[in-house]
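Contents: one structure, followed by commentary.
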Amino acid sequence: MSSPAFISGYFLVFGILPALSIIAPPENSTLANVIAKISEDFSAWDWKREQFLKYSKDYPSGWADFNCPTPSTGVVAQDVHHLSQSDISVVGAVGDSLTAGRAADAEYLSEIFLDYRGTSFATGAEKNLTLQASLFNIFSYFSPNIKGRS
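117 is the number that the UniProt record's numbering gives to position 117 of the sequence shown; each next residue is one higher, with no gaps.
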């Protein structure tokens, strides 16, 4: 059995010290240098974001012409092997920051902790299918009375 002193030392070495090295700036850095480095990193991110927006404008996130045929069997499926898209009546998501759309529409650093549920890949329905491809929007194409949108 380990002694309490050993456990405390173990926690100090592997629990606290690595965290301090992340929080504390390098020894020879001034606050101005650290702020300048952070600012430089965000400027680089800003440039990358602008490039992404510039080149992705011709590739929308939705489908302008979503022309999948709608099956018209008229028969309610008896098991999962006979389901069609129009049989789906509820879409839901239980999960984490991805299903909540965390930072999905963030434009500034201050917005990265906000949830944009309307643009979530699973249940987002802030925009229609021509502008935003989400599971809800795709299934609502086949089943207009579907429930579960954000």
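Yeah, the Cβ is synthetic: ideal placement off N, Cα and C, and Gly gets one too.
query	result
Helix, strand or coil: which one does DSSP assign to Arg49?	helix
Using the three-state DSSP reduction, which class does Arg149 fall into: helix, strand or coil?	coil
Nearest CA to the CA of Trp45: which residue from Arg149, Ala106 and Thr70?	Ala106
Taking the alpha-carbon positions, what's the Phe66 to Ser84 distance?	17 Å
In three-state terms, what does DSSP make of Val90?	strand
Can you give the beta carbon distance from residue 180 to Ser143, rounded, assuming they're within the 8 Å contact cut?	Because residue 180 is not part of the residues shown, which for the chain are 1 to 150, the question remains open.
The alpha helix (DSSP H) spanning Tyr116 covers which residue range?	Tyr116 -> no alpha helix (DSSP H), and no H or E assigned at all.
Answer with buried or exposed for Gly95, where buried requires no fewer than 16 other C-beta atoms within 10 angstroms of its C-beta.	exposed
Can you give me the Cβ contacts of Gly62 inside the same chain, cut-off strictly under 6 Å, excluding the 5 residues immediately before and after it?	Leu129, Thr130, Leu131, Gln132 and Ala133
Count the other CB atoms within 10 Å of the CB of Ile146; is the residue buried (16 or more) or exposed (fewer)?	buried
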